[in-house]
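Asks: Below you will find the structure I want to go over with you.
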Amino acid sequence: MWVLAVFRSRSQSLDFAEKLTSYGIYAQTVAAPKEAKIGCGLCVRFEERNFARVFAILKLGKYSTFKGFYKTEFLAGRQIVTSYKP
Numbered sequence: 154m155w156v157l158a159v160f161r162s163r164s165q166s167l168d169f170a171e172k173l174t175s176y177g178i179y180a181q182t183v184a185a186p187k188e189a190k191i192g193c194g195l196c197v198r199f200e201e202r203n204f205a206r207v208f209a210i211l212k213l214g215k216y217s218t219f220k221g222f223y224k225t226e227f228l229a230g231r232q233i234v235t236s237y238k239p
């Protein structure tokens with residue numbers, strides 16, 4: 154399953170994705186899904202198994218526009234986006 158880190162700032166989304174990559178975590182900057190109705194249009198996607206490391210890295214930075222984590226799943230061909238709480 155994929156988890157999305159959502160920010161209200163495009164620059165902070167891009168910075169966070171770069172930070173994760175520098176720590177060896179596979180992360181991509183992707184368009185925020187329209188179903189979520191969240192954020193600035195960009196979010197950072199990563200694998201759920203990396204959540205603990207991602208959360209620790211988030212706490213190290215000054216990401217004032219961080220909005221939250223969301224999970225994405227596909228059900229019957231539709232993308233379902235819900236708040237993620239491990």
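In case it helps, my numbering puts the sequence shown at residues 154 to 239.
All residues carry an ideal CB built from backbone N, CA and C; glycine is no exception.
According to DSSP, what are the bridge partners of arginine 198?
Replies: Leu157 and Gln181
Asks: For lysine 224, list the residues DSSP reports as bridge partners.
Replies: DSSP lists Val156 and Thr235 as the bridge partner or partners of lysine 224.
Asks: Taking C-alpha atoms, which residue in Ser175, Lys212, Pro239 and Ala205 lies nearest to tyrosine 223?
Replies: Considering only alpha carbons, the answer is Pro239.
Asks: Determine the contact status of tyrosine 179 and glutamate 200, defining contact as a CB-CB distance below 8 Å.
Replies: yes
Asks: What residue range is occupied by the uninterrupted alpha helix (DSSP H) comprising serine 162?
Replies: Looking at the DSSP string, serine 162 is not in any alpha helix (DSSP H), and its letter there is neither H nor E.
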